[in-house]
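Residue numbers (UniProt numbering): 1 to 233.
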């Protein structure tokens with residue numbers, strides 16, 4: 001088990017393919033394996049990074065069955081912690097549990113990947129030996145999952161050219177700059193984070209960034225910190 005601070009530094013500077021993202025969690029917490037996956041309609045369901053074949057199979061079981069901790073974490077925008085799979089999981093996810101117990105694991109945890117109101121996927125952690133994450137570790141995994149979510153969304157935006165397509169003239173740039181200021185004031189974010197919220201909302205709604213920015217500046221779209229994260233209203 002390594003250093004949480006080093007893992008956060010690595011995520012903030014990450015400029016590589018997503019393949020190595022899951023390994024950062026194994027290096028920082030007392031777990032056996034991890035995976036990073038997109039889940040749901042926004043980016044589709046796909047494993048982006050897995051430390052081993054068991055972690056990959058856990059993801060595939062959840063995708064195929066439509067149940068499991070990653071789905072619950074995504075729906076609730078909260079961590080799902082199952083330190084004793086045999087005792088706690090059968091009543092929650094009967095089909096998933098019956099299949100996953102063949103994988104010889106004791107504990108499984110899922111953390112949502114969210115950016116603003118977008119629920120992109122989940123980070124799944126598992127342990128062969130029984131383990132409990134304490135409150136500090138749970139909070140730290142959540143911080144890392146948020147950073148991974150931002151990296152995943154940036155890669156998706158890059159893939160479709162969303163970053164710059166709406167900014168062809170000075171008028172458009174001014175609108176986006178104004179909207180960024182509004183969002184950072186609403187949510188208490190940095191300028192880069194506020195801009196990413198705008199980009200992500202545009203991506204999810206299949207709209208241009210300038211259209212979303214105009215709605216924000218003119219008061220038709222607002223963001224707020226709700227009980228399960230950032231919400232668009």
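Quick reminder that beta carbons are idealized off the backbone N, C-alpha and C, glycines included.
So, for residue i: in the same chain, excluding its five sequence neighbours on each side, which residues have a beta-carbon less than 7 Å away from its beta-carbon?
i           : result
residue 129 : 106
residue 186 : 222, 223, 224
residue 7   : 24, 27, 28, 144
residue 235 : Coverage of the chain is limited to positions 1 through 233, which leaves residue 235 absent and any answer about it impossible.
residue 195 : 180
Roughly how many whole angstroms lie between the Cα atoms of residue i and residue j?
i           : j           : result
residue 33  : residue 189 : 32 Å
residue 60  : residue 181 : 41 Å
residue 164 : residue 109 : Residue placement at residue 164 is poorly supported in this model, since its pLDDT is 49, which falls under 50; the coordinates still yield a value, given next. Roughly 37 Å between the two C-alpha positions.
residue 85  : residue 125 : 12 Å
residue 191 : residue 233 : 20 Å
residue 143 : residue 70  : 17 Å
residue 177 : residue 154 : 18 Å
residue 91  : residue 226 : 29 Å
residue 175 : residue 151 : 25 Å
residue 87  : residue 103 : 16 Å
residue 56  : residue 62  : 10 Å
Return the chain-ordered list of same chain residues with a C-beta closer than 6 Å to the C-beta of residue i, the five sequence neighbours on each side being excluded.
i           : result
residue 147 : 11
residue 212 : 198, 201, 202
residue 132 : 83
residue 218 : none
residue 22  : 34, 35, 36, 49, 50, 51
Looking only at DSSP bridge pairs, what is residue i linked to?
i           : result
residue 110 : 80, 124
residue 96  : According to DSSP, residue 96 bridges with nothing at all.
residue 105 : Bridge partners of residue 105: none, in fact.
residue 35  : 50, 124
residue 225 : 230
So for residue i, helix, strand or coil by DSSP?
i           : result
residue 118 : strand
residue 68  : coil
residue 13  : coil
residue 245 : A question about residue 245 goes unanswered here, because the residues of the chain that appear run from 1 up to 233.
residue 216 : helix
residue 148 : helix
Measure the Cβ-Cβ separation of residue i and residue j and say whether it is below 8 Å.
i          : j          : result
residue 38 : residue 81 : no
Can you give me the Cβ contacts of residue i inside the same chain, cut-off strictly under 8 Å, excluding the 5 residues immediately before and after it?
i           : result
residue 95  : 65, 67
residue 140 : 4, 28, 29
Residue i: beta carbon under 7 Å from a heavy atom of the ligand ATP?
i          : result
residue 52 : Only the bare structure without any ligand can be found here, which leaves the ligand ATP out of the picture.
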